[in-house]
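In the working numbering, the protein residues as written are 11 to 136.
Backbone N, C-alpha and C define an ideal beta-carbon position, used for all residues, glycine too.
Here is the structure we will look at.
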Amino acid sequence: MNLMLNFLIEYWTLAALFMVGFLLLVFAIFKFPTSIKDKLYGKIVEWLIYACIEAEKYLGQGTGQVKLRYVYNLFIQRFSYLRYLISFETFSLLVDEALVTVKKLLETNNDVMFYVYGTYLNEGGD
């Protein structure tokens, strides 16, 4: 016991540095995956907006389930490493979130409307 106490008195700076390093490691373990997850989530949702617009252009209106499967197949091609981590039900929820943005874009942006349907919102163009 006395030997251990003498060691700590002699090398307290080393022990303090070890504790700080350990705390930084614990913080990094818990914080780092969250930041990666947030960035990946944002990237996926942005890509899904693009994929939904492409599916709307390719398949047209009124083909909801077919478009969902089409977008899922595109997703598997683009993000093959996520195929086992994201279930189809979760993917469907992500697509629903992206579709809110797509719907707003189609209602408000003439260029997107023309790209998808070949016509402008107000038939006269811009």
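Problem set entry | Cβ pair Leu78, Val105 closer than 8 Å | Along the sequence shown, one-based indexing puts residue 78 at 68. Along the sequence shown, one-based indexing puts residue 105 at 95. Result yes, Cβ atoms of Leu78 and Val105 sit closer than 8 Å.
For this session: Please report the residue range of the alpha helix (DSSP H) in which Met14 lies.
Result: The sequence position of residue 14 within the sequence shown is 4, counting from 1. Taken as a continuous stretch (DSSP letters only), the alpha helix (DSSP H) holding Met14 covers 12 to 20.
Problem set entry | Close Cβ partners of Ile59 (< 7 Å) along its chain, the five nearest in sequence each way excluded | Sequence index remark: in the sequence shown, residue 59 carries index 49 (1-based). Cβ within range, chain order: Ala108, Thr111, Val112.
Exercise. Helix, strand or coil: how does DSSP classify Asn83 here?
Worked result: Mapped onto the sequence shown, residue 83 falls at position 73. In the structure shown, Asn83 sits in a helix (DSSP, three-state: H, G or I).
Problem set entry | Coarse secondary structure for Arg88, derived from DSSP in three states | For the purposes of this step, residue 88 is identified with residue 78 of the sequence shown, where counting begins at 1. Three-state DSSP puts Arg88 in a helix.
For this session: Within its chain, find whatever has a CB closer than 7 Å to the CB of Leu69; leave out the 5 residues flanking it on each side and keep chain order.
Result: Your numbering for residue 69 matches position 59 in the sequence shown. Around Leu69: Val76, Lys77, Tyr80.
Exercise. For Tyr127, which of Leu35, Gln71, Thr23 has the nearest alpha-carbon?
Worked result: To locate residue 127, count along the sequence shown from 1; it is residue 117. With distances taken between Cα atoms, Tyr127 lies closest to Gln71.
Exercise. Looking only at its own chain, which residues have a Cβ that is under 6 Å from the Cβ of Met14, when we skip the five neighbours before and after it?
Worked result: For the purposes of this step, residue 14 is identified with residue 4 of the sequence shown, where counting begins at 1. Correct list: empty, nothing qualifies.
Problem set entry | For Trp22 and Tyr91, the rounded distance between their alpha carbons | As a first step, residue 91 is located in the sequence shown; it is residue number 81 there, counting from the start. As a first step, residue 22 is located in the sequence shown; it is residue number 12 there, counting from the start. Roughly 46 Å between the two C-alpha positions.
Problem set entry | Through-space distance from Leu116 to Val122, alpha-carbon basis | For this step, residue 122 is matched to residue 112 along the sequence shown. For this step, residue 116 is matched to residue 106 along the sequence shown. Taking the straight line from one Cα to the other gives about 6 Å.
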